[in-house]
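Using full-length UniProt numbering, the letters of the sequence shown map in sequence onto residues 1 to 130.
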Amino acid sequence: MMSEPILINSTQGLPPAGHYSHAVCAGGMVYLSGQLPVTAQGVALSNQPFDIQVMQVFANIEGILADCHCSINSLVQVRIYLCDIALWPHFNALYADWLGPHKPARCVVPVPVLHHDLALEIEAVALLPG
Numbered sequence: 001m002m003s004e005p006i007l008i009n010s011t012q013g014l015p016p017a018g019h020y021s022h023a024v025c026a027g028g029m030v031y032l033s034g035q036l037p038v039t040a041q042g043v044a045l046s047n048q049p050f051d052i053q054v055m056q057v058f059a060n061i062e063g064i065l066a067d068c069h070c071s072i073n074s075l076v077q078v079r080i081y082l083c084d085i086a087l088w089p090h091f092n093a094l095y096a097d098w099l100g101p102h103k104p105a106r107c108v109v110p111v112p113v114l115h116h117d118l119a120l121e122i123e124a125v126a127l128l129p130g
């Protein structure tokens, strides 16, 4: 018998602004909703440099993973939405520094615009421990 999905709303971030959960645990996996560079206080970092926006998204992902008893080493798939594909090489360097030797599957999707005119959004899938 399959268990019901567990809806997760991070204690370390801004409550969801729409009809969604920060993450859903199901079938031994954690599915993270897209994370934007928005602080726990609700400040969209659209006026901040790209590096600051990227680091905020990484922090948001780490907080949600921690609430699910996971870490970045639990990530198995990452999808990155970038408004400026010219930033890809720079993003890739920041991403490699963040993950170290861990290399989950990933894709990069160039998009014309994101909410609040932000530079990126990242969604991910992680493996639950145990």
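Glycine is no exception: its CB is placed at the ideal position from the N, C-alpha and C atoms. Every value quoted in this text rests on a predicted model; they were computed, and no experiment measured them.
Residue i: beta carbon under 8 angstroms from a heavy atom of the ligand GDP?
{"i": "phenylalanine 58", "result": "Looking at this structure, you won't find the ligand GDP or any other ligand, since it has none at all."}
Return the chain-ordered list of same chain residues with a C-beta closer than 7 angstroms to the C-beta of residue i, the five sequence neighbours on each side being excluded.
{"i": "valine 108", "result": "Ile80, Leu82, Trp88"}
{"i": "serine 46", "result": "His116, Asp117, Leu118"}
{"i": "threonine 11", "result": "Asp67"}
{"i": "glutamine 16", "result": "The residue asked about is misnamed: residue 16 is proline in this sequence, not glutamine. Asn9, His22."}
Below 8 angstroms CB to CB, which residues in the same chain sit around residue i once its five sequence neighbours on both sides are set aside?
{"i": "glutamine 41", "result": "Leu14"}
{"i": "histidine 102", "result": "Ile72, Asn73, Leu75"}
{"i": "glycine 18", "result": "none"}
{"i": "proline 39", "result": "Per the sequence shown, residue 39 should be read as threonine rather than proline. Cβ within range, chain order: Leu14, Leu45, Gln56."}
{"i": "serine 21", "result": "Leu7, Ile8, Asn9, Ser33"}
State yes or no: is the C-beta of residue i within less than 9 angstroms of the C-beta of residue j?
{"i": "alanine 59", "j": "glutamine 77", "result": "no"}
{"i": "histidine 69", "j": "leucine 127", "result": "no"}
Excluding sequence positions up to five away, which residues of its chain have a Cβ less than 6 angstroms from the Cβ of residue i?
{"i": "alanine 26", "result": "Pro5"}
{"i": "glutamine 35", "result": "Val57, Asn60, Ile61, Ile122"}
Can you give me the C-alpha to C-alpha distance between residue i and residue j, rounded to a whole angstrom?
{"i": "valine 113", "j": "glutamate 121", "result": "10 angstroms"}
{"i": "methionine 55", "j": "isoleucine 8", "result": "22 angstroms"}
{"i": "methionine 1", "j": "glutamine 53", "result": "At methionine 1 the pLDDT is 47, less than 50, meaning the model places this residue with poor confidence and gives no usable figure here."}
{"i": "glycine 63", "j": "aspartate 51", "result": "18 angstroms"}
{"i": "leucine 94", "j": "glycine 100", "result": "10 angstroms"}
{"i": "alanine 96", "j": "histidine 90", "result": "10 angstroms"}
{"i": "proline 37", "j": "proline 49", "result": "11 angstroms"}
{"i": "residue 166", "j": "glycine 130", "result": "Within the shown structure, residues of the chain are numbered from 1 to 130, placing residue 166 beyond reach of any answer."}
{"i": "alanine 124", "j": "valine 43", "result": "22 angstroms"}
{"i": "tryptophan 98", "j": "valine 24", "result": "23 angstroms"}
Should residue i be flagged as near chain D, meaning a C-beta pair shorter than 9 angstroms?
{"i": "tyrosine 95", "result": "Within the model displayed, chain D is absent; a lone protein chain is all it includes."}
Q) Is the segment 26-41 in contact with the segment 84-103, if contact means three or more CB pairs nearer than 8 angstroms? A) no
**Q.** beta strand (DSSP E) segments (min. 3 residues) lying fully within the segment 13-85
**A.** 23-26, 29-35, 75-82
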